[in-house]
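Asks: For the sequence shown, the numbering used here assigns the number 7 to the initial residue and increments by one for each residue that follows.
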Amino acid sequence: MLNIKKNLFLISIFIIALPTLANFDFKGNGTLIYPTGISKPFNFGFAWNNTAQVFTIGEKTYSMEQVPDSYSIVLAISKNEKTVWVQEFAKGYFEQFEWKIGKYHVQLKKEKFENKVLGNYVLILDGNQYFFTSRAASLTIKFNEEGIKGIAIDGVVKDFGTKQ
């Protein structure tokens with residue numbers, strides 16, 4: 007009987023403490039590809055430590071009372087449309103990238119198209135292709151207590167097979 011009470015007590019403590027265990031850590035491994043063909047790895051991730059109430063964006067840590075709703079990453083195509091710049095990924099321009107963050111897979115590729123496509127760029131999120139509508143687009147990473155709940159893209163139009 008004493009063991010049952012002891013176990014019930016431990017279970018109730020665990021249930022009460024469960025919300026404080028809401029932590030996540032997504033490393034955000036990626037690869038940049040430069041016009042020369044050189045590839046360079048990078049990391050840009052997100053982490054939440056509920057106990058310390060600290061949110062990490064890339065290499066920077068911020069004190070917060072809760073997980074932020076979202077974080078936006080801007081992709082900017084250069085004037086000559088040959089390279090792109092993403093402040094969070096590199097200090098300068100590059101041509102293409104691949105980035106895995108949590109269960110999501112984001113790619114920016116240069117391809118040849120029959121129809122005019124801005125910079126010949128295609129942005130791919132989990133296999134869905136998008137084209138830039140202007141020289142800037144954004145990836146908005148949306149969070150909840152468990153981690154990344156989704157990624158939204160602005161400044162693009164979905165590929166419906168008309169550009170091939």
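Quick reminder that beta carbons are idealized off the backbone N, C-alpha and C, glycines included.
1. In whole angstroms, what is the alpha-carbon distance linking residue 44 and residue 82?
2. By the DSSP assignment, the beta strand (DSSP E) with residue 99 in it spans what residues?
3. Could you check whether the segment 64-75 touches the segment 123-139, counting it as contact only if at least three pairs of C-beta atoms, one from each stretch, sit closer than 8 Å?
4. Let me know the secondary structure DSSP gives residue 43 once reduced to three states.
5. Could you tell me which whole beta strand (DSSP E) segments of length 3 or greater appear in the segment 98-149?
6. Here's the rule I'm using: 16 or more other beta-carbon atoms within 10 Å means buried, otherwise exposed. How should residue 34 be labelled?
7. Could you have a look at residue 29 and say whether DSSP puts it in helix, strand or coil?
8. How do the segment 96-111 and the segment 40-59 stand: do at least 3 beta-carbon pairs fall below 8 Å, yes or no?
9. With 16 other CB atoms within 10 Å as the buried threshold, where does residue 61 fall?
10. Thinking just about the alpha-carbon of each residue, which of 157, 141, 109 and 91 is nearest to the one in residue 31?
11. Assuming residue 80 is part of the beta strand (DSSP E), what are its boundary residues?
12. In whole angstroms, give me the CA-to-CA distance for residue 92 and residue 57.
13. Would you please verify whether the beta carbon of residue 123 is less than 8 Å from any beta carbon of chain D?
Replies: This is what the structure gives:
1. As a first step, residue 44 must be located in the sequence shown, where it is residue number 38. As a first step, residue 82 must be located in the sequence shown, where it is residue number 76. For residue 44 and residue 82, the distance between alpha carbons rounds to 20 Å.
2. If you number the sequence shown from 1, residue 99 lands on position 93. First-last for residue 99: undefined, no H or E at that position.
3. no
4. Translated into the one-based positions of the sequence shown, residue 43 becomes position 37. Of the three classes helix, strand and coil, the one that applies to residue 43 here is coil, per DSSP.
5. Complete beta strand (DSSP E) runs here, min 3: 102-107, 110-116, 127-131 and 134-138.
6. Start at 1 with the first residue of the sequence shown, and residue 34 comes out as number 28. With 16 or more Cβ atoms within 10 Å of its Cβ, residue 34 is classed as buried.
7. Counted from its first residue, the sequence shown places residue 29 at position 23. Residue state for residue 29 is assigned as coil, using DSSP reduced to three classes.
8. yes
9. To locate residue 61, count along the sequence shown from 1; it is residue 55. The residue is buried, with at least 16 neighbouring Cβ atoms inside 10 Å.
10. As a working note, residue 31 is residue 25 in the sequence shown. When each option's Cα is compared against that of residue 31, the closest is 109.
11. Counting from 1 along the sequence shown, the entry for residue 80 is found at position 74. Note, residue 80: beta strand (DSSP E), 76-83.
12. Numbered from 1 along the sequence shown, position 86 holds the residue referred to as residue 92. Numbered from 1 along the sequence shown, position 51 holds the residue referred to as residue 57. Looking at the two C-alpha atoms, the distance is approximately 31 Å.
13. Of the protein chains in the structure, only one exists, and it is not chain D.
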